[in-house]
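*Asks:* Residue numbers (our numbering), protein chains in the order written: chain A, 4 to 302; chain B, 109 to 255.
(1) Buried or exposed: where does residue 77 (chain A) fall if 16 or more other Cβ atoms within 10 Å of its Cβ makes it buried?
(2) Check the Cβ of residue 132 (chain A) against every Cβ in chain B and list those closer than 8 angstroms, keeping chain order.
(3) Using a Cβ-Cβ cutoff of 7 angstroms, what residues of the stretch 37 to 50 of chain A are near chain B? List them in chain order.
(4) Distance cutoff 9 angstroms, beta carbons only. Does residue 76 (chain A) sit that close to anything in chain B?
(5) Going along chain A in order, which residues have a C-beta closer than 8 angstroms to the C-beta of residue 240 (chain B)?
(6) Does residue 210 (chain A) get closer than 9 angstroms to chain B when you measure Cβ to Cβ?
(7) Give me the DSSP bridge partner(s) of residue 248 (chain B).
(8) List the residues of chain A whose Cβ lies closer than 7 angstroms to the Cβ of residue 144 (chain B), in chain order.
(9) Exposed or buried, which one is residue 302 (chain A) when buried takes at least 16 other CB atoms within 10 Å?
(10) Taking 8 angstroms as the cut-off, does the CB of residue 172 (chain B) come closer than this to any heavy atom belonging to the ligand FMN?
(11) Identify each residue in the stretch 56 to 67 of chain A for which the Cβ-Cβ distance to at least one residue of chain B is less than 7 angstroms, and report them in chain order.
(12) Going by the CB atoms, is the gap between residue 132 (chain B) and residue 304 (chain A) shorter than 9 angstroms?
(13) Would residue 163 (chain A) and residue 140 (chain A) qualify as a contact pair, given that the criterion is a beta-carbon distance under 9 angstroms?
(14) Counting only runs that start and end within the stretch 121 to 186 of chain B, where is the beta strand (DSSP E) found for 3 or more residues in a row?
(15) Going by DSSP, which residues form a beta bridge with residue 84 (chain A)?
(16) Do residue 38 (chain A) and residue 91 (chain A) have their beta-carbon atoms positioned less than 9 angstroms apart in this structure?
(17) Can you look up residue 157 (chain A) in the DSSP assignment and give me helix, strand or coil?
(18) Quick check on the DSSP output: the alpha helix (DSSP H) that includes residue 182 (chain A) runs from which residue to which?
(19) Count the CB pairs spanning the stretch 138 to 154 of chain A and the stretch 175 to 193 of chain A that are closer than 8 angstroms, and state whether there are at least three.
(20) When you compare only the Cα positions, how much space is there between residue 167 (chain A) and residue 22 (chain A)?
(21) Tell me the DSSP bridge mates of residue 236 (chain B)?
(22) Please name the residue, chosen from A:161, A:275 and A:111, that lies closest to residue 49 (chain A) on a Cα-to-Cα basis.
(23) From residue 221 (chain A) to residue 256 (chain A), what distance separates their C-alpha atoms?
(24) Would you mind working out which of A:159, A:285, A:175 and A:283 sits nearest residue 14 (chain A), comparing C-alpha positions?
(25) For chain B, check one thing: does any of its Cβ atoms lie closer than 9 angstroms to the Cβ of residue 81 (chain A)?
(26) Do we get a CB-CB distance below 9 angstroms when we pair residue 231 (chain B) with the residues of chain A?
(27) Alpha carbon to alpha carbon, how far is residue 110 (chain B) from residue 137 (chain A)?
(28) Cα-Cα, which of A:195, A:252 and A:84 is closest to residue 279 (chain A)?
(29) Closer than 8 angstroms, Cβ to Cβ, to anything on chain A: give me those residues from the stretch 121 to 141 of chain B, in chain order.
(30) Could you name the residues of chain A that residue 190 (chain B) contacts, counting a contact when the two beta carbons are closer than 9 angstroms?
(31) In this structure, does DSSP put residue 5 (chain A) in helix, strand or coil?
(32) Where does residue 273 (chain A) land, buried or exposed, given buried means 16+ other C-beta within 10 angstroms?
(33) Going by the CB atoms, is the gap between residue 224 (chain B) and residue 165 (chain B) shorter than 9 angstroms?
(34) Cβ closer than 7 angstroms: which chain B residues qualify as neighbours of residue 13 (chain A)?
(35) By how many angstroms is the C-alpha of residue 114 (chain A) removed from the C-alpha of residue 181 (chain B)?
(36) Does the stretch 233 to 243 of chain B come into contact with the stretch 202 to 217 of chain B, if we say contact requires no fewer than three beta-carbon pairs (one atom in each stretch) closer than 8 angstroms?
Here it is, written out as C-alpha cells:
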C-alpha cells in the first residue's frame, strides 16, 4: 500500500457515527463541568499592566467589561451543553469553538502561558467542522422524525478522531523534545526532578504532598524522569503499534494525573482529549453483551 | 463530499497538524499550538515565589484575599515580565497600585471583610531547598500606592 493510500485509510476508513458522537458527548460534557466554575469576569479585575493578549484574543480589541465577560461566559457554557446534547450543530458548536478560543485564550493573556487549554481549543474547532451530531444527538432525533434515514458508516466519522490522535501524539512528543532541547540528558541524570518536586510545594498547591516523600529518594526521581521522557518521546508509536497503544495512552493519562495530584498543575481539560483513542462501539458492545465483546476483540 | 467540504476537511486535518509541527520545530508557542516546554528547564536547589501583602495603617502586613488578582504563579510571572521592561519600576508600581485599588473597591462594595489598606507591597521570596529547614529570604520588589 502506498503512503498516500495508508494516510487516506488512516483518516478516511469508513466508521459508524457512534464513536464520534460519544466522543462529542463526553468532550463537551467534560469541558462544561471543568469550566462550570470558571469566573470569566475575573480578568476585568486584573491590573491593566499585565494585559498581553494572545493573537486570537487581540482580534477582538480591548478587554470587555466584567458584565460583558460574564455574559460571554454564560453563553459559552450554554453552548457546551447544547454541544453535548448535539442540538443545532453549526451554531452551538461554532459558538462553543469561537467563544471557547476567546475565553480560554484569556487565561493565557495575562503574562502566563497556559499549555493545558491549547488541545481543547483545537478540538472544539475539529468537532465543529466534523459531522459530530449525526448520532446520539437531538439533531439526529429531529432528522429521524423528519423521515431521514440514520447515518451510515463513512470516513466523515473517522477523520476527526484520527486527527485528534495525531495531535495528541505530537503534543506529547513535543513535550519530550522540549526536555531534551532545554535540559538535555541532565533532565534525567541530575537531581532536577527532585528539586522540582520540592519547589512545587512552594509555587503551587498540589492536592497531595506525596512529591515531598518521593524527593527523599533521588534514584527513584531519576527513574521517574527517565520514564517520563521515554513515554513522551515514544507516544507517537501509539498511532502505529496497536499492541503498545493502551500502555502509552494509559501511561500518559497517569502522567498528567500525577502532575495534577503531586505538582498542582491542572491538566484536567487536556486529559479528556484521550477519549479519541477509545473504540466506543466496542465499549457499548461490552456493556450490552460482555461475551460478544470478548469474541469481537479476539477476532 | 462536495468539493468545498473536501477542502474544509483537508484544512481541518492538515492545518492543526502542520501548525503543531511548526510549534515543535520552532520551539515556540503558536497559540493555541505549543511546543509544550513546561518544566523542560533544569530545576535547581533554589526556588523563588512572589507574593503581595496589604499594609495596614499601623504599618502591619496582612495577606490579601484571593479575590484580589493576580495571585500565585500569575503574579510571579507578571512581575518577571514587568521587571524586564524598560519602565520596570513604574510598571511594577502600577501593578501594586492596581491591586490596592481592587482591594479597596471590593471592600467598599462589601465583597470582602478587612481593614483599609494604605498600600500593597510585592515581595520576591527566595527559598533554599538544600538546607533543612529550608531557608527563606525576602526582597521587596515594589510598593503602591506611593505615599
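We treat Cβ as the ideally placed atom computed from N, Cα and C, and that holds for glycine.
*Replies:* By the coordinates alone:
(1) exposed
(2) 116, 117 and 120
(3) 45, 48, 49 and 50
(4) No, no contact with chain B.
(5) What residue 240 (chain B) touches in chain A: nothing, since even the nearest Cβ is about 11 angstroms away.
(6) no
(7) Under DSSP, residue 248 (chain B) shares a beta bridge with B:231.
(8) 118, 174, 177, 178 and 181
(9) Residue placement at residue 302 (chain A) cannot be trusted, given a pLDDT of 49 that sits under 50; what the coordinates show is reported in the next sentence. Burial call: exposed.
(10) Looking for the ligand FMN in the displayed structure turns up nothing, as the structure carries no ligands at all.
(11) 57, 58 and 59
(12) The structure shown does not extend to residue 304 (chain A), since chain A is modelled only from 4 to 302, so the question has no answer here.
(13) no
(14) 154 to 163 and 169 to 171
(15) Answer by DSSP bridge pairing: none, since residue 84 (chain A) is not bridged.
(16) In this structure, residue 91 (chain A) keeps its C-beta atom at 9 angstroms or more from the C-beta atom of residue 38 (chain A).
(17) In the three-state DSSP reduction, residue 157 (chain A) falls in the strand class (E or B).
(18) Note, residue 182 (chain A): alpha helix (DSSP H), 162 to 185.
(19) no
(20) 13 angstroms
(21) B:154 and B:243
(22) Comparing Cα-Cα distances from residue 49 (chain A) to each of A:161, A:275 and A:111, the minimum goes to A:111.
(23) 24 angstroms
(24) A:159
(25) no
(26) No, because no Cβ of chain A sits closer than 9 angstroms to the Cβ of residue 231 (chain B).
(27) 17 angstroms
(28) The shortest Cα separation from residue 279 (chain A) among A:195, A:252 and A:84 belongs to A:252.
(29) Considering only beta carbons, the part of the stretch 121 to 141 of chain B lying closer than 8 angstroms to chain A consists of 121, 124, 125, 128, 129, 131, 132, 135, 137, 139, 140 and 141, in chain order.
(30) What residue 190 (chain B) touches in chain A, judged by beta-carbon distance under 9 angstroms, is 52, 53 and 114, going in chain order.
(31) coil
(32) buried
(33) By the CB criterion at 9 angstroms, residue 165 (chain B) and residue 224 (chain B) fall inside the cutoff.
(34) Residues of chain B passing the Cβ test: none, with the nearest at roughly 10 angstroms.
(35) Here the C-alpha atom of residue 181 (chain B) lies approximately 10 angstroms from the C-alpha atom of residue 114 (chain A).
(36) no
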